[in-house]
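Notes for the one structure printed next.
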Amino acid sequence: MPIRILVRTRFTIWRALATAVVAILTAAFLTPSAAHAATGASRAPRESGPVYSYAHAVRESVWVDTGLDEDGDGHADRVAADIVRPAEPARQGRKVPVIMDASPYYSCCGRGNESQVKTYDAQGHVVQMPLFYDNYFVPRGYAFVGVDLAGTNRSDGCVDVGGRSDIQSAKAVIDWLNGRAKAYTSRTGTSTVRATWTNGRTGMIGKSWDATIANGVAATGVKGLKTIVPISGISSWYDYYFAQGAPLYDGGPGELAGYVESDAAHAHCAAVQKKLADGSPRSGDWTPLWTERDYVKDAAKVRASVFLVHGMQDLNVRTKHFGQWWDALAKHGVERKIWLSQTGHVDPFDYRRGAWVDTLHRWFDHELLGYDNGIDREPMADIERHPDQWVTSRVWPPQTTRTTVLHPAPGTLAGVGTLGLHPATGTETITDDPKLSETDWAAHLTTPTPEKAGFLTAPLSHDLRLSGSSTVTVTATPTTTSAHLSAVLVDLGPDTIRDYADSGEGITTLTNRTCWGESTAGDSACFKETAARTAKVDYTVFSRGWADLGHYASLGKGVPLTPGKAYTTTLRLAATDHVVPKGHRLALIIAGTDKDLIDPPSTKPTVTVSLSGTTAGLPLVGGAPAFARATGGTTAMAPAPARLTGVRAPHAAQHIPAN
């Protein structure tokens, strides 16, 4: 469906008033030179400047009552919120907006490329707040709030991995910022404290689990949350652990909770971890636990705008998460912006630092201060087409994107067929080999091998762009009672890409530092620079999807397969934006276990794929006419070697949504 440009109206009146008020207050309370810099001779402000002291910022901690008792101690859980805010506005009777990062990683694992943790002084006030957000934004008139999720660091309660306790940890703080919840000056005391220094307007940001919390809180529709910036965030926890019934990881949310929880929570949260384990069986069945942790179903409740960021080669929080979240938000008219990189699970601060800080600054100025700086009228999407080479898209996916049905057809060699617009007949046979991965399949794409079937276009005479989420419907007959299927899209042709399979997932960390904001003795604003880590390849895998054939009828309950019986299932592939250039080929691979990306089935099946019952629905910019044009000409392509070179095989990732 074409995406409409959303004309924003909900802040129009507020922005006009806020702009006038800010202009008056800025002129009244700043020095003459600062006031002139902020407002110009007679114009409303378009950018917040570093006019407040970071060295003299107020640093305080509060414990917010969540209204839950997850640890069962008979007292409502309190979550710790560490605050850094400029001192001057409160003295002048002005209120400031809030940027918040709610995380389970502030003590156990660290944040950012340098794994920073919170540090405290003797009075318990935060000294180092990880990342650059406080250093940069506090001098510009924002408060920064770092929230310890329940069961982590200095908070009470238990980690419940995306459930109500996780989400309430952050939502309760937003309620407190807006005068709807209680907070205390200590973890166990009775002295309450109010957030009189803020106007309650809050933006949430974070990467991975932190981003997931932002998605989940936005899906509650909480008042006061004006925008979220989820970087590599989960949108449905089922899809973090399973792909349509096929297990992605050997583990579950119970183990993950134990990994991040504090020592105090270890002693009280065994029952919660057991509940997590019992509610997430390794069968791949959808249970009520997953329904609670599915934020996509509640997209209609989202009031906040969304600036979404994801690496298109993220094999930790895989790109299905951003694709289904984006589509649901679009359906409900949520204001959106998106950045898509060639990296894996990487923060944009570490692959496009200067542009990222500038864009984030303008986004928060627009969303939280109401500045009319034009960012809402700029292209919706920034996409990394080659390492450090970016393009924009006015809307995303482009308005001319159409789902185009392609059909595999047999070729002259067994297991090496063609891909085109016209239906075909015939079969291909694959034998599951759990020792092989998508890189093994793609490396032998043009030669017959028993574990995969590949279908290729002719060399393209024009570029062909895919933008969005694909599906592959497969009709398969197994020889055993269980089978897993993989579908992979490949760009066959030479290129230089970010090496997402390297340990840095597309970046190399350097030794020199650059500074973003103001520093103190205990909290530096200077961070190590990075550079693109690249690889020369003969092919690029750019989208993937997996499924357990036993869940063909329902995610709710998988069933044993009947050997010799045909089943039809549709695999939902990861969202992407990729251009297969002129002279390259587009290929579809159908196979079994994708080593280290899904776990193998309980048997080792041979599967017969019916080509007449197998199709690929691809989001092509320009639709079927663009495909016909790209494949209808004659373009020479050098003969492919017997073994093609790509990045190294996907490795077993650290199975936590972290750095």
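So that you can map any letter, position 580 of the sequence shown is 680 in the numbering used here, and since no number is skipped, the others follow by simple counting.
For each residue, glycine too, the CB sits at the ideal point set by N, CA and C.
Predicted model only: the values in this text are computed from it and were never measured.
What distance in whole Å lies between the Cβ atoms of R240 and G150, which are believed to be in contact at a cut-off of 8 Å?
Looking at the sequence itself, residue 150 is Pro, so the reference to Gly does not match. So it is a contact: roughly 6 Å between Cβ atoms.
How about L408 and P497: are their beta carbons less than 7 Å apart?
no
Just curious, the alpha helix (DSSP H) that N213 is in, first and last residue?
Taken as a continuous stretch (DSSP letters only), N213 belongs to no alpha helix (DSSP H), as it is neither H nor E.
With DSSP run on the structure shown, which of helix, strand or coil describes P448?
helix
When DSSP labels each residue in this structure, what does N235 get in the three-state scheme?
helix
What is the DSSP secondary structure of A365, reduced to helix, strand or coil?
helix
From the DSSP output, in three-state form, read off T539 for me.
helix
By the three-class DSSP mapping on this structure, what secondary structure does A127 have?
Caution is warranted here: a pLDDT of 37 is assigned to A127, below 50, making its placement in the model unreliable, and no coordinate value can be reported.
Alpha carbon to alpha carbon, how far is L125 from R178?
A caution first: L125 carries a pLDDT of 40, below 50, which makes its placement in the model unreliable, though a value can still be read off. Cα to Cα, L125 sits roughly 36 Å from R178.
Using 8 Å for Cβ pairs, my map puts A553 next to V709. What's the rounded Cβ distance?
6 Å
Between which two residues does the alpha helix (DSSP H) containing K375 stretch?
370 to 378
DSSP beta-bridge partners of M304
M200, I328
Between the Cα of E392 and the Cα atoms of G411, G324, A319, which residue gives the shortest distance?
A319
May I ask you to report which of helix, strand or coil DSSP gives K570?
Residue 570 is actually Ser in this sequence, not Lys. Here S570 sits in coil by DSSP.
For R633, name the three-state secondary structure that DSSP assigns.
coil
Which partner residues of T320 appear in the DSSP bridge assignment?
According to DSSP, T320 bridges with nothing at all.
What's the gap between the Cα of T596 and the Cα of G444?
16 Å
Residue closest to T571, alpha-carbon to alpha-carbon, out of A647, K326, P594
A647
Given T670, which residues of its chain have a CB within under 6 Å of its CB, disregarding the five upstream and five downstream residues?
T571, T573
Identify the continuous alpha helix (DSSP H) that holds H461 and give its terminal residues.
453 to 464
Is it true that the CB of V590 sits closer than 7 Å to the CB of Y639?
yes
On the premise that G172 lies in contact with H368, defined as a C-beta separation below 8 Å, what is that separation, rounded to the nearest angstrom?
7 Å
Residue-chain proximity (P204, chain B), Cβ-Cβ < 7 Å
Although the question refers to chain B, the structure presented lacks it and comprises just one protein chain.
Check whether the Cβ atoms of D694 and A635 sit closer than 7 Å, and answer yes or no.
no
Alpha carbon to alpha carbon, what distance is there between F727 and L564?
7 Å
What is the DSSP secondary structure of E551, reduced to helix, strand or coil?
coil
Neighbourhood of T219 by C-beta distance below 7 Å, restricted to the same chain and skipping five residues each side:
V227, Q228, G622
CA-CA distance, H98 and W426?
Since the first residue shown for the chain is 101 and the last is 759, residue 98 is missing from the structure and cannot be characterised.
Mind checking who H486 pairs with in its DSSP beta bridge?
Q489
Can you tell which of L356, I328, A400 has its C-alpha closest to the C-alpha of Y205?
L356
Nearest candidate by alpha-carbon position, reference L468, set N299, V273, R485
N299
Under the assumption that A687 contacts L519 (Cβ atoms under 8 Å), give the Cβ distance between them as a whole number of angstroms.
7 Å
Mind checking whether V505 and G713 have CB atoms under 7 Å apart?
no
Output the distance between the C-alpha atoms of G515 and A666, rounded to the nearest integer angstrom.
19 Å
Rounded to whole angstroms, what's the CA-CA distance from G279 to F232? Just pull it up for me.
28 Å
Which listed residue (P197, L649, D275) has its alpha carbon closest to that of F237:
P197
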